[in-house]
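This report concerns only the one structure given below.
There are 2 protein chains.
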Amino acid sequence: MAKEITIYDIANQLQISPATVSRALNNHPAINEKTKVLVNAKAEELGYRSNKFASNLRKQSTSTIGVIVPRLNSYIMSTVLAGMEKIANEEGFNLIISQSLESQKKEIANAQTMFNSRVDGLLVSVAFDTDSFEHFQPFLKKKIPLIFFDRILENNNCPSIVIDNTKAGYEATNHLIQQGRSNILHITGNLQRNVYADRLKGYQQALLENEIPFQKEFLWETALNLEAGKEVAQRIKAMPNRPDALFIASDLCAVACISALKEMGIDVPNDISVVGFNNDPVAQVIAPKLTTIHYPAKEMGEIAVKSMINHLKGTMNLDKTNAITLRSELIVRESSRIIEHSA
Amino acid sequence: MAKEITIYDIANQLQISPATVSRALNNHPAINEKTKVLVNAKAEELGYRSNKFASNLRKQSTSTIGVIVPRLNSYIMSTVLAGMEKIANEEGFNLIISQSLESQKKEIANAQTMFNSRVDGLLVSVAFDTDSFEHFQPFLKKKIPLIFFDRILENNNCPSIVIDNTKAGYEATNHLIQQGRSNILHITGNLQRNVYADRLKGYQQALLENEIPFQKEFLWETALNLEAGKEVAQRIKAMPNRPDALFIASDLCAVACISALKEMGIDVPNDISVVGFNNDPVAQVIAPKLTTIHYPAKEMGEIAVKSMINHLKGTMNLDKTNAITLRSELIVRESSRIIEHSA
DNA sequence: CTGAAAGCGCTTACAG
DNA sequence: CTGAAAGCGCTTACAG
Numbered sequence: 018m019a020k021e022i023t024i025y026d027i028a029n030q031l032q033i034s035p036a037t038v039s040r041a042l043n044n045h046p047a048i049n050e051k052t053k054v055l056v057n058a059k060a061e062e063l064g065y066r067s068n069k070f071a072s073n074l075r076k077q078s079t080s081t082i083g084v085i086v087p088r089l090n091s092y093i094m095s096t097v098l099a100g101m102e103k104i105a106n107e108e109g110f111n112l113i114i115s116q117s118l119e120s121q122k123k124e125i126a127n128a129q130t131m132f133n134s135r136v137d138g139l140l141v142s143v144a145f146d147t148d149s150f151e152h153f154q155p156f157l158k159k160k161i162p163l164i165f166f167d168r169i170l171e172n173n174n175c176p177s178i179v180i181d182n183t184k185a186g187y188e189a190t191n192h193l194i195q196q197g198r199s200n201i202l203h204i205t206g207n208l209q210r211n212v213y214a215d216r217l218k219g220y221q222q223a224l225l226e227n228e229i230p231f232q233k234e235f236l237w238e239t240a241l242n243l244e245a246g247k248e249v250a251q252r253i254k255a256m257p258n259r260p261d262a263l264f265i266a267s268d269l270c271a272v273a274c275i276s277a278l279k280e281m282g283i284d285v286p287n288d289i290s291v292v293g294f295n296n297d298p299v300a301q302v303i304a305p306k307l308t309t310i311h312y313p314a315k316e317m318g319e320i321a322v323k324s325m326i327n328h329l330k331g332t333m334n335l336d337k338t339n340a341i342t343l344r345s346e347l348i349v350r351e352s353s354r355i356i357e358h359s360a
Numbered sequence: 018m019a020k021e022i023t024i025y026d027i028a029n030q031l032q033i034s035p036a037t038v039s040r041a042l043n044n045h046p047a048i049n050e051k052t053k054v055l056v057n058a059k060a061e062e063l064g065y066r067s068n069k070f071a072s073n074l075r076k077q078s079t080s081t082i083g084v085i086v087p088r089l090n091s092y093i094m095s096t097v098l099a100g101m102e103k104i105a106n107e108e109g110f111n112l113i114i115s116q117s118l119e120s121q122k123k124e125i126a127n128a129q130t131m132f133n134s135r136v137d138g139l140l141v142s143v144a145f146d147t148d149s150f151e152h153f154q155p156f157l158k159k160k161i162p163l164i165f166f167d168r169i170l171e172n173n174n175c176p177s178i179v180i181d182n183t184k185a186g187y188e189a190t191n192h193l194i195q196q197g198r199s200n201i202l203h204i205t206g207n208l209q210r211n212v213y214a215d216r217l218k219g220y221q222q223a224l225l226e227n228e229i230p231f232q233k234e235f236l237w238e239t240a241l242n243l244e245a246g247k248e249v250a251q252r253i254k255a256m257p258n259r260p261d262a263l264f265i266a267s268d269l270c271a272v273a274c275i276s277a278l279k280e281m282g283i284d285v286p287n288d289i290s291v292v293g294f295n296n297d298p299v300a301q302v303i304a305p306k307l308t309t310i311h312y313p314a315k316e317m318g319e320i321a322v323k324s325m326i327n328h329l330k331g332t333m334n335l336d337k338t339n340a341i342t343l344r345s346e347l348i349v350r351e352s353s354r355i356i357e358h359s360a
């Protein structure tokens, strides 16, 4: 293996000190422009590459941001991560990504790994069953900034980046009511999580405003995945009094449910109208096309990393920031349009 | 900020040398078991965490594997990454992930960042338009192992992890022929990429064996995304002699195309049967359900990282490995069954 | 089984 | 604008 070039090699060849080389390479304002040019040229010539480990060791910082997500392979999360990677890459930061696989236990292990990796900051969307903040305490103690996004933990003074799930839930439900529906079944995930709890709040609020009583039997907590969608359809089929609409907190689940309903001969939207959540690409390719809430996933990722980096650079202080709320949007398509069909 | 605990603190409190502490912490065989127990207990007590930067600097290795993918937010890639993360996490390695966004230019920049981050190994699936190996040469020169997966670059002595795309393409096409189809349109991506070139080979092979002439007009190179699927449907509608089957090298594109065809009143599978590729969850939730090739994405990610780590640890030498081929599988569903419909 | 000592490649407070 | 020197926290060849 060829020997690595260091700042000492550059310093020797240029007959200047390593300190000057280091400063020139880092574009230190006190260094003469000509020296900088010389140093950079020589660095290029020798194929120098900075040793981040020496630098990190010395500076006691890592330019690395940790990210813990429930899973990598969901539409929302992979899109959030794509946004995060984009900004981190542009800003010269590295991302260390790990997945909790919806288990608090794995999330705790991941948090510890992140801690030991000395990430400069941590971005977290929590698992289905996380009910403790304990594993994040070490970060706060060390003043390592911690930002929650999407699925957040409350009451811990950490900033969060979310959409207004209550508003989104309200709009989804209200839209169904405007279409003349009143027996609206709400299919959701673990209600311990803000995203689902808030969507439920919005659902209830819309019912209340329209003087439709909320029925516990019309609230189903599921895994919100493909399989859950099929099961929901089965259960609906068996109901003596079927709902006339569904508000399902995930598109993939909604689409699986619609597909199963159609196989049973139940017409969507005429027998049952459906609204999903996320604006997953899948929503556009089924028939009928799925009405849903657009979730700004890429933007959420970009803003999360951007906020973190600004905070780390000191250009923005997050300590006073409580929450950043992004705009979501109801997208009406055929799955909830009862009167007319699309051409 | 509380002061970080180092091995010197442990050494002082235990009245032994830092060298012994270091060895005990790393479970060095020469160290007395009792000493190890003592050191570990004290480390725990003081809240010690190893400084990876000092360790990496000294050891000249990083326990970090770089991954460059075309994009994070596709079903296949996010699933591959999920598999990679799982193994890396279990083995105590970190992953640095970046996306080329299908551009060679960005891929070059990412490769350089990986190089400067001194990854111990690099895993790459190349962009649509990558036509040079130049940006990977620095890794080979430094003997940093490089493994290609899914979209590979050939003739460079790097091991690759792939499925047998030719066989998969053959099976998909042959299945359509067995169903009585003979005007089979093949929708694919950039043919510079092995995955698409090989699927085409399989397609041609199946035609040849069945004495169906290959027609250039029945091979369409597209972006293989949702929009492309819609456009394909438009173009088909305008054709005087429409194909009776489609083999589309991506499920999402296939599903978008089916959806558009149905809106035009073209029946799938009776007018046109369709086979996709990947076994994206979306394949199961449309009507008709999509016949496709199951792509072992998670396994591919797991094997890629596992192979890399084994190589780095010296338990497996990759230098003689040319390619690891994973099993793919044709999954027949309704979109290509002409005779009978599912119950 | 343990220790003393050197060194990995940087950065920066201090001095000039 | 530049330099000398110390130190970040480890690991390991060498010695005993």
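So the sequences go chain by chain: P and R.
When we follow my numbering, the leftmost residue of the first sequence carries the number 18, and every step to the right adds one.
When we follow my numbering, the leftmost residue of the second sequence carries the number 18, and every step to the right adds one.
In this text, a Cβ means the ideal position worked out from N, Cα and C, and glycines have one as well.
8 Å Cβ cutoff, residue i in contact with chain R
i	result
residue 294/P	no
residue 111/P	yes
residue 141/P	no
residue 303/P	yes
residue 223/P	no
residue 96/P	yes
residue 135/P	yes
residue 8/P	Residue 8/P lies beyond the range of chain P shown here (18 to 360); nothing can be said about it.
Residue i, enclosing beta strand (DSSP E) - first and last residue
i	result
residue 338/P	It is not in any beta strand (DSSP E) - residue 338/P carries neither H nor E in the DSSP assignment.
residue 152/P	From DSSP, residue 152/P is part of no beta strand (DSSP E); its letter is neither H nor E.
residue 355/R	Per DSSP, residue 355/R belongs to no beta strand (DSSP E) and is neither H nor E.
residue 115/R	111 to 116
C-alpha distance - residue i paired with residue j, whole-angstrom precision
i	j	result
residue 338/P	residue 348/P	30 Å
residue 173/P	residue 216/P	22 Å
residue 296/P	residue 276/R	17 Å
residue 312/P	residue 306/P	17 Å
residue 194/R	residue 345/R	20 Å
residue 334/P	residue 108/P	18 Å
residue 116/P	residue 139/P	13 Å
residue 43/P	residue 98/R	34 Å
residue 178/R	residue 213/R	15 Å
residue 31/R	residue 56/R	8 Å
residue 58/R	residue 26/R	13 Å
Assumed close pair residue i, residue j - CB separation to whole angstroms, cut-off 8 Å
i	j	result
residue 87/R	residue 142/R	6 Å
residue 204/R	residue 324/R	Contact doesn't hold; Cβ gap of about 32 Å is too wide.
residue 110/P	residue 81/P	7 Å
residue 128/P	residue 153/P	6 Å
Chain P within 8 Å of residue i, Cβ atoms only
i	result
residue 330/R	no
residue 116/R	yes
residue 87/R	no
residue 74/R	yes
residue 71/R	yes
residue 299/R	yes
residue 349/R	no
residue 279/R	yes
Reduced DSSP category for residue i - H, G, I as helix; E, B as strand; rest coil
i	result
residue 144/P	coil
residue 41/P	helix
residue 302/R	coil
residue 157/P	helix
residue 23/P	coil
residue 170/R	coil
residue 349/P	coil
residue 47/R	coil
residue 31/R	helix
The alpha helix (DSSP H) enclosing residue i, as first and last residue numbers
i	result
residue 104/R	92 to 108
residue 272/P	268 to 280
residue 211/R	211 to 226
residue 121/R	121 to 133
residue 194/R	182 to 195
residue 316/R	314 to 330
residue 235/P	No alpha helix (DSSP H) contains residue 235/P, which DSSP labels as neither H nor E.
residue 199/R	Run containing residue 199/R: none; DSSP gives neither H nor E here.
residue 249/R	243 to 254
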